[in-house]
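Colleague: Each residue of the first sequence is one higher than the last, beginning at 39 in this note's numbering.
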Amino acid sequence: MGSSKLSTHLHTDFQVREHQSSVLIGETGSGKTTQVPQFLLAAELGSGKIAVTQPRRVAAMSVASRVAQEMDVELGKEVGYLIRFEDMTSEETRLKYMTDGMLLRECQIDPFMSQYSVIILDEAHERTLATDILFGLLKEVLLKRPELRCLVMSATLEAEKFQDYWTGAPLLRIPGRMFPVETFFTLRPEKDYVAAAVETCCLINAHEGPGDVLCFLCGEEEIEKACAEIQARAEETGQETLVLPLYSSLPMNQQRRVFPPAPEGTRKIIVATNIAETSLTIDGVVFVVDPGLFKQMLYNPRTHVESLLVSPISKASAMQRAGRAGRTRPGKCFRLYTLETFEKELPESTYPEIIRSNLSSVVISLKKLGVDDIVHFDFMEPPSPESMMRALEMLYFLGAIDEEGDLTDIGSKMADFPVDPHLSRSIIASARHSCLEEVIQIIAMLSVPPPFSRPRYAQKAADKAHKHFASGYGDHLSLLNAYRAYVDCGSKAEFCREHFLSERNMRQAENVRKQLASLARKSSHLESLENGHEKMLTTSIRKAFVEGFFMQCAHLDESGKHYLTVQDQQMVAIHPSSFLQHKAEWVLYHETVVTDRCYMRNATAIPPEMLIEVATKFYHPDRCKLTAHAKKMLRRALPRAKVAN
DNA sequence: AGGGTTTTTT
39 MGSSKLSTHL HTDFQVREHQ SSVLIGETGS GKTTQVPQFL LAAELGSGKI
89 AVTQPRRVAA MSVASRVAQE MDVELGKEVG YLIRFEDMTS EETRLKYMTD
139 GMLLRECQID PFMSQYSVII LDEAHERTLA TDILFGLLKE VLLKRPELRC
189 LVMSATLEAE KFQDYWTGAP LLRIPGRMFP VETFFTLRPE KDYVAAAVET
239 CCLINAHEGP GDVLCFLCGE EEIEKACAEI QARAEETGQE TLVLPLYSSL
289 PMNQQRRVFP PAPEGTRKII VATNIAETSL TIDGVVFVVD PGLFKQMLYN
339 PRTHVESLLV SPISKASAMQ RAGRAGRTRP GKCFRLYTLE TFEKELPEST
389 YPEIIRSNLS SVVISLKKLG VDDIVHFDFM EPPSPESMMR ALEMLYFLGA
439 IDEEGDLTDI GSKMADFPVD PHLSRSIIAS ARHSCLEEVI QIIAMLSVPP
489 PFSRPRYAQK AADKAHKHFA SGYGDHLSLL NAYRAYVDCG SKAEFCREHF
539 LSERNMRQAE NVRKQLASLA RKSSHLESLE NGHEKMLTTS IRKAFVEGFF
589 MQCAHLDESG KHYLTVQDQQ MVAIHPSSFL QHKAEWVLYH ETVVTDRCYM
639 RNATAIPPEM LIEVATKFYH PDRCKLTAHA KKMLRRALPR AKVAN
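See the structure below:
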């Protein structure tokens with residue numbers, strides 16, 4: 039270890055001894071993630087463990103394994119990691135790398151985080167939901183545990199903002215070791231960023247010296263298109279070029295192709311989404327092409343609709359992207375926007391997740407953690423009152439909180455499950471309807487990326503294969519069919535290939551199912567009753583989902599052509615990928631997706647009498663607040679509904 | 001007829 043680095047660490051140690059909390063700002067390669075925790079461990083600050091949080095699972099795993107190597111200990115002993123589905127820690131573990139979500143989850147059992155004497159929140163500038171909540175919780179814990187030490191580690195931008203929030207915590211800067219990256223801007227704005235990106239890649243390929251290229255785009259389709267164009271143009275000019283796409287839904291074996299160096303004399307050009315900004319690091323990149331855009335999920339509490347929009351990146355992201363060119367030697371970054379745009383239009387840092395999310399999960403977990411006054415919780419970035427009200431209202435409708443806003447017994451049980459409140463409510467209901475196993479299997483399938491794969495070159499074949507699982511009731515029961523068939527089949531790989539299922543996502547669903555089932559067993563009041571007859575199951579499963587999703591239903595309008603949501607009469611359509619092929623009068627949907635139209639994804643037909651029976655307050659024609667046409671349809675169904683008057 | 005998913009996490 040060089041002497042300058044050592045003094046930095048001594049400095050760190052000193053500050054952390056003197057103050058409860060510190061903010062540490064470090065550049066890439068500064069060793070803040072690997073060496074600072076080791077140093078604090080050696081400093082023996084208290085007798086507890088040191089927790090280091092990371093926003094991503096892979097980071098927690100790989101950093102832990104590197105630190106174990108550096109300390110020459112076995113991974114899982116003194117140094118370990120804890121992520122969902124995998125606990126690589128033991129009694130001896132003193133330095134514990136974990137995802138921020140995991141530490142938050144642990145707080146439900148141990149709100150004072152009493153097993154730790156030091157807590158380090160790394161990558162705090164990413165402002166993940168979990169880190170932002172941990173911020174507020176830690177502030178409260180620090181009041182009660184004066185011996186606890188807390189270190190917030192972040193990239194270089196907006197250091198003062200963190201320092202302000204942590205009321206005067208000492209600010210430490212540690213320089214990194216990165217190669218210089220020369221940055222270029224365009225002289226005027228580009229009209230078509232995909233075309234400009236393709237053009238720039240081709241120019242680099244033709245005129246720059248050796249070195250791989252990393253080009254950022256926003257989505258799968260434009261990435262595939264850009265790759266094809268770059269490859270075609272390289273072949274025209276006779277340059278040896280390996281063009282590779284990279285995005286998260288790309289099969290693993292294809293993702294892995296971006297890492298090995300290209301053959302001698304061949305240039306590698308990788309066209310990637312944001313995944314290459316932080317999640318994956320590719321060595322050997324010398325040129326970065328940055329159009330300054332990315333796709334972002336935005337939640338509108340007023341309309342209750344989430345939409346995926348192309349938005350400008352932040353200055354922090356732009357720097358992160360540029361940094362990807364300087365990991366192995368000096369590099370260049372070509373920004374496809376003007377210097378003026380960079381300075382005047384890009385926000386300093388990315389919009390924190392908490393500002394653009396549906397807060398119902400956040401609110402229920404805070405309630406479970408004993409934070410009663412959520413409106414006055416010390417958020418670094420308080421979410422809008424409107425967003426908060428929407429969440430509270432929803433939880434009240436679900437019976438998770440009472441009129442006072444206090445968590446009910448049902449709400450407390452719901453919070454045990456790591457899924458959305460709608461879903462946890464359906465789990466609770468399923469026990470009463472004797473279909474716990476099945477509902478958990480369906481929820482596992484709903485909680486992973488789409489298990490039905492539909493590759494561009496075999497769309498027809500995939501659709502045909504998927505029909506094998508189709509249930510006339512719709513998608514929830516079709517997902518159940520697929521899950522059951524997968525569990526029962528012999529060779530998983532072969533079965534998935536034949537039926538166009540994503541093996542990766544199916545395995546993930548299996549993991550989720552296992553976890554939910556084990557939580558359900560532990561949950562004291564959730565006895566798993568004997569299952570009813572198979573014939574009754576389709577009814578009881580749908581009833582259980584209605585209990586969680588009665589606010590996410592839609593009915594046909596007067597013309598019989600369109601659906602209107604019961605929440606705010608928004609016009610929606612059944613997604614073309616749905617197994618629900620007939621125009622059922624009433625449908626329940628898992629979520630809506632907005633393209634040029636608004637689609638319901640994962641929809642299931644629900645007979646109106648079932649709605650009246652299960653969610654009487656909302657669907658009784660004499661009491662509900664629905665449109666006249668909806669009431670008319672409900673009134674027609676009323677005689678068939680078994681409802682106490 | 002209808003098919004614009006980025007990325008994480010419990």
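C-beta: ideal position from N, C-alpha, C; glycine also. None of these values were measured; they are calculated from a predicted model.
Quick check: the stretch 536-548 against the stretch 475-489, are at least 3 beta-carbon pairs closer than 8 Å?
Modeller: yes
Colleague: Taking 7 Å as the threshold (C-beta atoms), are F656 and L626 in contact?
Modeller: no
Colleague: My output table needs one value for Q546: the three-state DSSP class, helix, strand or coil.
Modeller: helix
Colleague: The beta strand (DSSP E) with E572 in it runs from where to where?
Modeller: Where E572 is concerned, there is no enclosing beta strand (DSSP E), although the alpha helix (DSSP H) it sits in stretches over E572 to F587.
Colleague: Is it right to say M638 is buried, meaning 16 or more other beta carbons lie within 10 angstroms of its own, or is it exposed?
Modeller: buried
Colleague: Near N396, which residues of its chain fall below 6 Å by C-beta distance, leaving aside the five closest residues on each side in sequence?
Modeller: Here N396 has Y337 as same chain residues with Cβ atoms under 6 Å from its own Cβ, once five neighbours each way along the sequence are excluded.
Colleague: Give me the Cα-Cα distance between V477 and I644, rounded to the nearest whole angstrom.
Modeller: Rounded to whole angstroms, the separation of the alpha carbons of I644 and V477 is 16 Å.
Colleague: If you draw a straight line from the C-alpha of L407 to the C-alpha of P456, how long is it?
Modeller: When only Cα atoms are considered, L407 and P456 end up about 14 Å apart.
Colleague: Is it a yes or a no for the stretch 169-188 touching the stretch 426-440, going by three-plus beta-carbon pairs under 8 Å?
Modeller: no
Colleague: Going by DSSP, what residue range makes up the beta strand (DSSP E) through R187?
Modeller: R187 to S192
Colleague: Pick helix, strand or coil for V610, following the three-state DSSP scheme.
Modeller: strand
Colleague: From A675 to I121, what does the alpha carbon distance come to, in whole angstroms?
Modeller: Taking the straight line joining both Cα atoms gives about 49 Å.
Colleague: From L484 to V401, what distance separates their C-alpha atoms?
Modeller: 22 Å
Colleague: Exposed or buried, G449, counting other C-beta atoms within 10 Å across all chains shown (16 or more means buried)?
Modeller: buried
Colleague: Output needed for A98: all residues of its chain with C-beta closer than 7 Å, excluding positions within five of it in sequence on either side, in chain order.
Modeller: Around A98: Q92, Y119, I121, Y135, M136 and T137.
Colleague: Run through the DSSP bridge pairs and tell me what G605 is partnered with.
Modeller: It is Gln, not Gly, that sits at residue 605 in the sequence shown. None, per the DSSP bridge assignment.
Colleague: Which residues mark the beginning and the end of the alpha helix (DSSP H) in which F173 is found?
Modeller: L167 to K182
Colleague: Tell me L594's beta-bridge partners as DSSP assigns them.
Modeller: The partner list for L594 (beta bridge, DSSP) reads Y601.
Colleague: Identify the residues that DSSP records as bridge partners of T91: which are they?
Modeller: DSSP, once it has assigned bridges, lists M136 and L159 as partnering T91.
Colleague: Using 7 Å as the threshold, is the C-beta distance between R104 and T72 below it?
Modeller: yes
Colleague: For T131, name the three-state secondary structure that DSSP assigns.
Modeller: When DSSP states are grouped into helix, strand and coil, T131 belongs to the coil group.
Colleague: According to DSSP, A641 sits in a beta bridge with which residue or residues?
Modeller: Y627
Colleague: Taking 6 Å as the limit between beta carbons, can you name the residues of its chain near F507, skipping five residues before and five after?
Modeller: Excluding sequence neighbours, F507 sits near S516, N519 and A520.
Colleague: Go ahead and pull the three-state DSSP assignment for R362.
Modeller: coil
Colleague: With DSSP as the reference, label P283 as helix, strand or coil.
Modeller: strand
Colleague: Around the Cβ of I212, are there at least 16 other Cβ atoms within 10 angstroms (buried) or fewer (exposed)?
Modeller: buried
Colleague: Below 8 Å CB to CB, which residues in the same chain sit around K669 once its five sequence neighbours on both sides are set aside?
Modeller: P659 and C662
Colleague: Going by DSSP, which residues form a beta bridge with K370?
Modeller: E220 and F325
Colleague: Which two residues bound the contiguous alpha helix (DSSP H) that contains F435?
Modeller: In this chain, the alpha helix (DSSP H) harbouring F435 covers P423 to F435.
Colleague: Between which residues of its own chain and E185 is the CB-CB distance below 8 Å, once the five residues before and five after are set aside?
Modeller: G84 and S155
Colleague: Can you check whether the CB of T66 is closer than 7 Å to the CB of G214?
Modeller: yes
Colleague: Under three-state DSSP, which class holds M126?
Modeller: Three-state DSSP puts M126 in a strand.
Colleague: Using the C-alpha atoms, what's the distance from C473 back to L575?
Modeller: Cα atoms of L575 and C473: separation of roughly 7 Å, rounded to the nearest angstrom.
Colleague: Restricting to Cα atoms, I'd like to know which of E161, V604 and V54 is closest to F77.
Modeller: V54
Colleague: Using the rule of at least 16 other Cβ atoms within 10 Å of the residue's Cβ for burial, across every protein chain shown, is S41 buried or exposed?
Modeller: Unreliable placement is indicated for S41, whose pLDDT of 40 sits below 50; no coordinate value is reported for it.
Colleague: What first and last residue would you give for the beta strand (DSSP E) that runs through D453?
Modeller: The sequence shown places Ala at residue 453, rather than the Asp named in the question. No beta strand (DSSP E) holds A453; DSSP gives it neither H nor E.
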